[in-house]
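Here the structure comes first, spelled out in structure tokens, and everything after it is commentary.
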Amino acid sequence: MPVEPYLLIMYTFAIASVSRLVVVDDLLERPRDWLVGALDRLRGNAARWTKAAREWLDDRPFTVGLLAAAVISFCLGFVRFACWFVAKMVTCIWCASFWVSLVGVALLWWHGHNPVMIFVSLALAMRMAASTLVQIGR
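For the sequence shown, position 123 matches number 138 in my numbering, and the numbering has no gaps at all.
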């Protein structure tokens, strides 16, 4: 879908605004800190659960214990990775902007000329432009 240059610039500023809101903005600092703390605790629990499951399954018959240990290790390893990944997404501006951009491109592709989408994106773009100008003025 061809996009006019002014819409592309506006959507770029809107994506930058959302990325900044998620990672840097004071408005979401407490929920972001709570989420990162909860994910770190879950990662630690998953590591302990993996160790406990391996120790418990050592006493089981070889095939069942080995298969169950492999499945449990894989599942809990995925939980640990997912926790790390989400925590990284809300604390790394480069990481968050990539995923926000993917969502933004999909919305632009299917709803780029929707008046509601343009209105919300314009508001976010103006927020980003204003905050950038304030930072420059300091």
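Even for Gly, the Cβ is constructed at its ideal location relative to N, Cα and C. As the structure is a computational prediction, the values presented were derived from the model and not from experiment.
Please name the residue, chosen from F96, L123, V149 and L148, that lies closest to D55 on a Cα-to-Cα basis.
Closest by alpha carbon: F96.
Quick check on C90: does DSSP put it in helix, strand or coil?
C90: helix per DSSP, three-state reduction.
Once DSSP output is grouped into helix, strand and coil, what is the label at A41?
Sequence check: residue 41 is Asp here, not Ala. D41 falls in the helix class under three-state DSSP.
When the Cα atoms are used, what is the spatial distance from R63 to W109?
Those two C-alpha atoms are separated by around 31 Å.
Considering only the alpha carbon of each residue, which of R153, F100 and L139 lies closest to L36?
The shortest Cα separation from L36 among R153, F100 and L139 belongs to L139.
Output the distance between the C-alpha atoms of V94 and A61, rounded to the nearest integer angstrom.
Computed Cα separation, rounded: 7 Å.
Going by beta carbon distance, what residues of the same chain come within less than 7 Å of V33, once the five residues before and after it are set aside?
Result list for V33: V115 and L139, in chain order.
Enumerated in chain order, which unbroken segments of the alpha helix (DSSP H) with a length of 4 residues or greater are wholly contained in the region 79-150?
You should have 108-126.
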